[in-house]
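Written below as structure tokens is the structure these notes are about.
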Amino acid sequence: MNGPSLPRRTLLKGVGLGALAAGTAACGSIKGSGDKAGDKIVIGFVSPQTGPLAGFASGDRFVVDRVRGTAAYTGGFAVGGKTYDVEIVVKDTQSDPSRASQVARELILRDHADIILTSSTPETTNPVATVCEAQGIPCVSTVVPWEAWYFSRQADPKNPKPFTYTTMFFFGVDQFGGCFVPMWERVSTNKTVAGMFPNDADGNAFRDAYPAILKKSGYKWVDGGAYTDGTTAFSSMISKFKSEECEIFTNAPLPPDFNTMWRQAAQQGFRPKLATVAKVLLFPADTVALGPLVKNIATDSWWGPYMPNTSSLDGESAKQLAEAYQSASGKQWLQTLGSVYSLFEIAQKAFTSVDTPRDRRAVATALQKLNYSGISGVLDFTRGPVPGVAIQQPVGVQWKEGDGRFPYEMVVVDNSLNPAVKIGADLTPTNP
Amino acid sequence: MTAGTGGGAVTAGTAAEGRFAVRRWSRTASVAAAGSVVAVAALAGVPYYAGTSAEQPLVTLFCLVALASLWNLMAGFAGLTSFGQQAYLGAGAYALYAAASMGLDPFAAIPLAAAAAGVLSLPVSFAVLRLSGGHFAVATWVLAEILRLAVTLAPSAGGNTGVSLPGVSGYDALLRQALTYWWALAVAVCSVAGVYALARSRFGLDARAVHSDPVAAASAGVAVGRTRRWAYCLSAFGTGAVGAVLFANTLYTQPGSVFGVQHSVAMMFMVVIGGIGTIEGPILGALVFFALQQALSGYGPWYLVLLGAAGIAITLFAPRGLWGSLAAPRGWSLFPIGHHISGTS
Amino acid sequence: MIEVDALDVHYGDFQALFGVSLSLARGRALALAGANGAGKTTLLRALMGAHLPSAGTVRYEGADVTALPPHDRVRRGIAMVPEGRRLFPSLTAEENIKVGAVRAASPDWPLARIYDFLPLAATVRDRRASALSGGERQAVAIARALASGPRLLLLDEISLGLAPGVVEQVYEVVRGLRESGATLLIVEQDLDRALGACDDVVCLLEGRVALTSETAAASREDVVAAYFGTEGPHS
Numbered sequence: 001m002n003g004p005s006l007p008r009r010t011l012l013k014g015v016g017l018g019a020l021a022a023g024t025a026a027c028g029s030i031k032g033s034g035d036k037a038g039d040k041i042v043i044g045f046v047s048p049q050t051g052p053l054a055g056f057a058s059g060d061r062f063v064v065d066r067v068r069g070t071a072a073y074t075g076g077f078a079v080g081g082k083t084y085d086v087e088i089v090v091k092d093t094q095s096d097p098s099r100a101s102q103v104a105r106e107l108i109l110r111d112h113a114d115i116i117l118t119s120s121t122p123e124t125t126n127p128v129a130t131v132c133e134a135q136g137i138p139c140v141s142t143v144v145p146w147e148a149w150y151f152s153r154q155a156d157p158k159n160p161k162p163f164t165y166t167t168m169f170f171f172g173v174d175q176f177g178g179c180f181v182p183m184w185e186r187v188s189t190n191k192t193v194a195g196m197f198p199n200d201a202d203g204n205a206f207r208d209a210y211p212a213i214l215k216k217s218g219y220k221w222v223d224g225g226a227y228t229d230g231t232t233a234f235s236s237m238i239s240k241f242k243s244e245e246c247e248i249f250t251n252a253p254l255p256p257d258f259n260t261m262w263r264q265a266a267q268q269g270f271r272p273k274l275a276t277v278a279k280v281l282l283f284p285a286d287t288v289a290l291g292p293l294v295k296n297i298a299t300d301s302w303w304g305p306y307m308p309n310t311s312s313l314d315g316e317s318a319k320q321l322a323e324a325y326q327s328a329s330g331k332q333w334l335q336t337l338g339s340v341y342s343l344f345e346i347a348q349k350a351f352t353s354v355d356t357p358r359d360r361r362a363v364a365t366a367l368q369k370l371n372y373s374g375i376s377g378v379l380d381f382t383r384g385p386v387p388g389v390a391i392q393q394p395v396g397v398q399w400k401e402g403d404g405r406f407p408y409e410m411v412v413v414d415n416s417l418n419p420a421v422k423i424g425a426d427l428t429p430t431n432p
Numbered sequence: 001m002t003a004g005t006g007g008g009a010v011t012a013g014t015a016a017e018g019r020f021a022v023r024r025w026s027r028t029a030s031v032a033a034a035g036s037v038v039a040v041a042a043l044a045g046v047p048y049y050a051g052t053s054a055e056q057p058l059v060t061l062f063c064l065v066a067l068a069s070l071w072n073l074m075a076g077f078a079g080l081t082s083f084g085q086q087a088y089l090g091a092g093a094y095a096l097y098a099a100a101s102m103g104l105d106p107f108a109a110i111p112l113a114a115a116a117a118g119v120l121s122l123p124v125s126f127a128v129l130r131l132s133g134g135h136f137a138v139a140t141w142v143l144a145e146i147l148r149l150a151v152t153l154a155p156s157a158g159g160n161t162g163v164s165l166p167g168v169s170g171y172d173a174l175l176r177q178a179l180t181y182w183w184a185l186a187v188a189v190c191s192v193a194g195v196y197a198l199a200r201s202r203f204g205l206d207a208r209a210v211h212s213d214p215v216a217a218a219s220a221g222v223a224v225g226r227t228r229r230w231a232y233c234l235s236a237f238g239t240g241a242v243g244a245v246l247f248a249n250t251l252y253t254q255p256g257s258v259f260g261v262q263h264s265v266a267m268m269f270m271v272v273i274g275g276i277g278t279i280e281g282p283i284l285g286a287l288v289f290f291a292l293q294q295a296l297s298g299y300g301p302w303y304l305v306l307l308g309a310a311g312i313a314i315t316l317f318a319p320r321g322l323w324g325s326l327a328a329p330r331g332w333s334l335f336p337i338g339h340h341i342s343g344t345s
Numbered sequence: 001m002i003e004v005d006a007l008d009v010h011y012g013d014f015q016a017l018f019g020v021s022l023s024l025a026r027g028r029a030l031a032l033a034g035a036n037g038a039g040k041t042t043l044l045r046a047l048m049g050a051h052l053p054s055a056g057t058v059r060y061e062g063a064d065v066t067a068l069p070p071h072d073r074v075r076r077g078i079a080m081v082p083e084g085r086r087l088f089p090s091l092t093a094e095e096n097i098k099v100g101a102v103r104a105a106s107p108d109w110p111l112a113r114i115y116d117f118l119p120l121a122a123t124v125r126d127r128r129a130s131a132l133s134g135g136e137r138q139a140v141a142i143a144r145a146l147a148s149g150p151r152l153l154l155l156d157e158i159s160l161g162l163a164p165g166v167v168e169q170v171y172e173v174v175r176g177l178r179e180s181g182a183t184l185l186i187v188e189q190d191l192d193r194a195l196g197a198c199d200d201v202v203c204l205l206e207g208r209v210a211l212t213s214e215t216a217a218a219s220r221e222d223v224v225a226a227y228f229g230t231e232g233p234h235s
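Residue numbers (full-length UniProt numbering), protein chains in the order written: chain A, 1 to 432; chain B, 1 to 345; chain C, 1 to 235.
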């Protein structure tokens, strides 16, 4: 790959040649990793399949196999009158941001990926997107609040600049507010909200934005303090919530930290009337650790079998995808199935709308202009809060006892943001 | 310890032979020096003839060589077994972040980041160098943990999630990788050459004496504290440069990873298996470590077990490290550090 | 040259020296006698700065050096041949000697003069210290101390563990040093040899000065009595 010549690069040629006083370099230009042979499009996929974030990615392998089996992928992509085979290369970050950065570079340099798709938490998507933006490789992220994805990667967060190669779809603090506040309204409380937010990208994004949203709706905000991920003692935070008489609880912690905190809260008698949690209890596996303590905790849901959406690859419905996963794995469906699936819908849409898959700038531009409807519903990248971001509309759900197949399941209790989704049950206070 | 006799550089001693100026150099050393220059020149050309797929692994290797040499400067020469050099890796990385956030060119700011780590190490040295042995090792580790927590708790440094390196988007990707590569090469060459020059100097002799017996060294007139401080701070400076280069390479840094104790374990592993107290040993150790990493990384968690087993085997069967066991009996010395000055010249 | 006044030295809770005072004039040699554990080596370490006293003062050439670190004392012209030689085993003999020359107080002892004075050290100059015999090590240890150009030399148990013939050679060196005008403070188990080589004698008993005298004025019996204490509990 030889990108456009920049003055800086010419200057550097001189520097480089100076270093090679022996004159070993007769050629004057820096070499790339070599051109790719063959008519193949390589899609890299990065997610945390092992480690503490593995809960997000437990359905990823299934989705990748499902996508590989669709006609759109088995038949190859028709780009500019030519058909390209598609290869999907899957990489695991082991939940480590450094490893995420490393596998992204491997995908680019060794596997010659034409696009990189990545999912689940800023710890995964941000390193990957950073590498892609610097290397000029198109990239789509999901399952990350857009603020944590966008502002954390800016040189100057107060003066943000849009990215060229990296795009994403998910939602942000506004949608959490838009999803949670209507649920709070339906329980009679003193309107005092306890916030448990760690000192990481997600936690800080919430901490910055929540007070304004709460104030607008007439709620009082009690911040439990910016704790470090992995903290095991939450007594002082819980005491603060108790002394401030908080009746609503909300958070955005790492799942194990919430398990610790919620058990300690139960022991210390902190029993908020309604708990609306973010980033935790998103997946069935998370509910096992807490057992009955999980009952009637509310959270957001951006995807589920109750969504009236169908795949843009083969028309499969959300319900069919969830059931296929359950019968293939024996495990309960999870929300990231739809998100990861949509990453591959988006890749297919972007490549089939350009003249050649090797024109990365064109693919990146296609991503920024994308507006389609797939298994995650309508994703419109042209009208996001910032360029390259498509916003989903989540619904409010509660964990309720299941019909016997699984102990707890998500039931839609509020559809304020996404009225197309049917309500499944009434909202019940977490602690009556 | 093989530090004392640079084999080829030493004349077998009688007083009569001693009248000839005792050599600190040899033909082997000349060949090694010339070979090193050619090798470095050839490596400097890699971005022109080999491309990015060769650059990436070499950046990792160069950083390992630099880290091993710098750890050896402390442990092998000044007798300071630190478990906390990751503090300066992180300091270098986050100093580079701070400089780049202020609008400085990230590549031009790498020396600044190294200097920041060096400056940080000076006040720290007054605290940790009061301790010795295991206490020193633990204190340095604790320091690294304190720094990690401090960064984690600083929202402006990205907290636990980490930060991206600002200011690289203006660079062409190939050029940026080539620049990173050259920086990594430069840091490795400067680390090895710097430690070599120090080891051959007055300082090297002092440091080896301090390592051998600090009380006797003090009684013989060596400023023990100052010698250790120089070794500690210079090592921190170099380690800071490596931290900055690693950040420029990965473009993303996170406190849990850059301040991880696994970096110190790797440094110790490389120096011990290569040969502590020599110039060649850490280089060889870094090559072995790198090769093991590449060969075993496919085995998942077993990778660490296999690495540990390799380390145990080498310490059992070659207690002076691979280079010590290979070179000492044969009298090899590519980079002699022995200090012999004729008194009868 | 050196005056020690009311020196107390502790190792943690244990007090090793109690109000020790002594003085030594330029060009003289003082034998420090006493049983094992009487505090002789402790006193030398305090004079060298290797272990700081808890009370009292050490004055050297008119200046208070009580709290000075060892390397500064070396620069002012104090050198020590430590008990057990304590060479740097991984360094060659000559490297050991060069370490001593780090901050030479005077140019009086260039390497050439040291090798002339101590031919034994010259013959082993390129051997690793760990490979040397006891006598060779002692020669190198003395050479290392001389390399710093000292005016006051502290010699700790220099004959310990050496063959009788070698001890004779070492004391030959001591006599040579006296002739060169050096001021010496010698710790020595061999009482007769110490008294024979020195002008003054100070005897320590359980951390206290039991006897201070010119060697000519003290009978051997006086010294032996001071050495063992009145009850003579040591055999």
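Think of the CB as a built atom: it goes at the ideal place given N, C-alpha and C, for glycine as much as any other residue.
Below-8 angstroms beta-carbon distance, residue i vs any chain B residue
{"i": "arginine 103(C)", "result": "yes"}
{"i": "aspartate 96(A)", "result": "yes"}
{"i": "glycine 136(A)", "result": "yes"}
{"i": "glutamine 49(A)", "result": "no"}
{"i": "alanine 22(A)", "result": "Note that alanine 22(A) scores 36 on pLDDT, short of 50, meaning its location in the model is unreliable; the coordinates nonetheless yield the value given after this. True, the Cβ-Cβ gap to chain B drops below 8 angstroms."}
{"i": "serine 101(A)", "result": "yes"}
{"i": "residue 306(C)", "result": "As displayed, chain C neither begins before 1 nor continues past 235, which places residue 306(C) out of reach and without an answer."}
When the options are compared against residue i, the one with the closest alpha-carbon
{"i": "alanine 173(B)", "options": "Gly338(B), Ala248(B), Gln254(B) and Leu70(B)", "result": "Ala248(B)"}
{"i": "threonine 83(A)", "options": "Val89(A), Val90(A) and Gly75(A)", "result": "Gly75(A)"}
{"i": "glycine 92(B)", "options": "Gly79(B), Phe83(B), Pro106(B) and Ser82(B)", "result": "Pro106(B)"}
{"i": "proline 407(A)", "options": "Tyr372(A), Ala364(A), Ala285(A) and Ser342(A)", "result": "Ala285(A)"}
Start and end residues, beta strand (DSSP E) containing residue i
{"i": "tyrosine 11(C)", "result": "2-11"}
{"i": "lysine 91(A)", "result": "82-92"}
{"i": "tryptophan 25(B)", "result": "No beta strand (DSSP E) contains tryptophan 25(B), which DSSP labels as neither H nor E."}
{"i": "aspartate 380(A)", "result": "377-380"}
{"i": "phenylalanine 170(A)", "result": "166-170"}
{"i": "glutamine 15(C)", "result": "14-24"}
{"i": "cysteine 203(C)", "result": "200-205"}
{"i": "phenylalanine 117(C)", "result": "Careful: phenylalanine 117(C) lies outside any beta strand (DSSP E), inside the alpha helix (DSSP H) at 111-117."}
Residue-chain proximity (residue i, chain C), Cβ-Cβ < 8 angstroms
{"i": "alanine 328(B)", "result": "no"}
{"i": "valine 222(B)", "result": "yes"}
{"i": "valine 195(B)", "result": "no"}
C-beta contact flag for residue i and residue j at 8 angstroms
{"i": "phenylalanine 197(A)", "j": "threonine 276(A)", "result": "no"}
{"i": "serine 159(C)", "j": "glycine 100(C)", "result": "no"}
{"i": "aspartate 206(B)", "j": "threonine 227(B)", "result": "yes"}
{"i": "valine 170(C)", "j": "leucine 177(C)", "result": "no"}
{"i": "glycine 62(C)", "j": "proline 150(C)", "result": "no"}
{"i": "glutamine 392(A)", "j": "tryptophan 262(A)", "result": "no"}
Bounding residues of the alpha helix (DSSP H) (the contiguous stretch that carries residue i)
{"i": "valine 222(B)", "result": "No alpha helix (DSSP H) contains valine 222(B), which DSSP labels as neither H nor E."}
{"i": "glycine 76(B)", "result": "Per DSSP, glycine 76(B) belongs to no alpha helix (DSSP H) and is neither H nor E."}
Taking three-plus beta-carbon pairs below 8 angstroms as touching, is the segment 378-388 of chain A in contact with the segment 148-168 of chain A?
yes
At a cut of 8 angstroms, does the segment 149-167 of chain B reach the segment 232-252 of chain B through at least three beta carbon pairs?
Contact between the segment 149-167 of chain B and the segment 232-252 of chain B is established, with three or more Cβ pairs separated by less than 8 angstroms.
Are the segment 138-147 of chain A and the segment 335-354 of chain A touching, with three or more C-beta to C-beta distances below 8 angstroms?
yes
When you compare the segment 20-36 of chain C with the segment 187-202 of chain C, are there three or more beta-carbon pairs, one atom per stretch, that lie closer than 8 angstroms?
yes
Is the segment 31-51 of chain B touching the segment 231-250 of chain B, taking contact as three or more C-beta pairs under 8 angstroms?
Flag = no, the segment 31-51 of chain B and the segment 231-250 of chain B do not touch.
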